[in-house]
Amino acid sequence: MNLLTDAAGEHVLLDWEDAGPGMPDRVLASLLCNWGTHDGTINVGRVRRILEAYRRAGGHAALTGLESFSSVLAGYVNYYIEAQASVSLDEAQPVDMRDHATRELVSSLADPPRLDLYRALLGIAQGC
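Last residue of the sequence shown? That's 128 in the UniProt record's numbering, and every number before it is there in order.
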């Protein structure tokens, strides 16, 4: 998901967080959360188009249940809660970094992951 295309049309990896092998259902769930939702709202048409394109490209993963969203939840806890709270409280960090981390933390705590969103995405995916 963190790719750009260079002048020759080749993909250039920007970030390694999702570059390694992962459980296919969890990678698919992450894809649907990142690209099929915005501010807690599901774009049903987009989710269906993503799933259709994924299948046409040979993707075989299927969301099996709420456990498919465990990596999404782990990413939220690791990045938004643990990492941002740590930076926010670390007096060795520059003030602007601490302030940014505090804003990220407050924002993420105000809009935590929601099981109803995961259930709805699961229903859409299982219906495709």
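Glycine included, each C-beta is placed from N, C-alpha and C at the ideal position. Computed from a predicted model, the values in this text were never measured in an experiment.
Beta-carbon proximity check, residue i vs residue j, cutoff 8 Å
{"i": "Val77", "j": "Ser30", "result": "no"}
{"i": "Asp90", "j": "Thr64", "result": "no"}
{"i": "Leu115", "j": "Val47", "result": "no"}
Contact set for residue i: own chain, Cβ-Cβ below 6 Å, skip 5 residues either direction
{"i": "Ser88", "result": "Arg98, Ala101, Thr102, Leu105"}
For residue i, three-class secondary structure by DSSP
{"i": "Leu4", "result": "strand"}
{"i": "His60", "result": "coil"}
{"i": "Leu51", "result": "helix"}
{"i": "Leu13", "result": "strand"}
Inter-residue spacing [alpha-carbon to alpha-carbon] between residue i and residue j
{"i": "Ala92", "j": "Leu66", "result": "39 Å"}
{"i": "Ile81", "j": "Ala61", "result": "29 Å"}
{"i": "Ile124", "j": "Gly9", "result": "33 Å"}
{"i": "Ser107", "j": "Ile50", "result": "28 Å"}
{"i": "Leu117", "j": "Leu14", "result": "28 Å"}
{"i": "Asp39", "j": "Cys33", "result": "11 Å"}
{"i": "Ile42", "j": "Ser70", "result": "18 Å"}
{"i": "Leu3", "j": "Val95", "result": "31 Å"}
{"i": "Ser86", "j": "Tyr79", "result": "10 Å"}
{"i": "Ser58", "j": "Met23", "result": "Ser is not the amino acid found at residue 58; the sequence shown has Gly there. The straight-line gap from Cα to Cα measures roughly 16 Å."}
{"i": "Gly75", "j": "Gln126", "result": "23 Å"}
{"i": "Cys128", "j": "Thr37", "result": "17 Å"}
{"i": "Pro113", "j": "Arg119", "result": "11 Å"}
{"i": "Trp35", "j": "Ala83", "result": "23 Å"}
Residue-chain proximity (residue i, chain D), Cβ-Cβ < 8 Å
{"i": "Arg48", "result": "Protein chains in the displayed structure number just one, and chain D is not present."}
Residue i Cβ short of 7 Å to the ligand FMN heavy atom set
{"i": "Arg114", "result": "No copy of the ligand FMN appears in this structure; indeed no ligand is present at all."}
Same chain, Cβ closer than 7 Å to residue i, five either side skipped, listed in chain order
{"i": "Val44", "result": "Ile124"}
{"i": "Asp111", "result": "Gly40"}
Neighbourhood of residue i by C-beta, 8 Å cutoff - its chain only, sequence neighbours within 5 removed
{"i": "Val12", "result": "Leu3, Leu4, Thr5, Asp6"}
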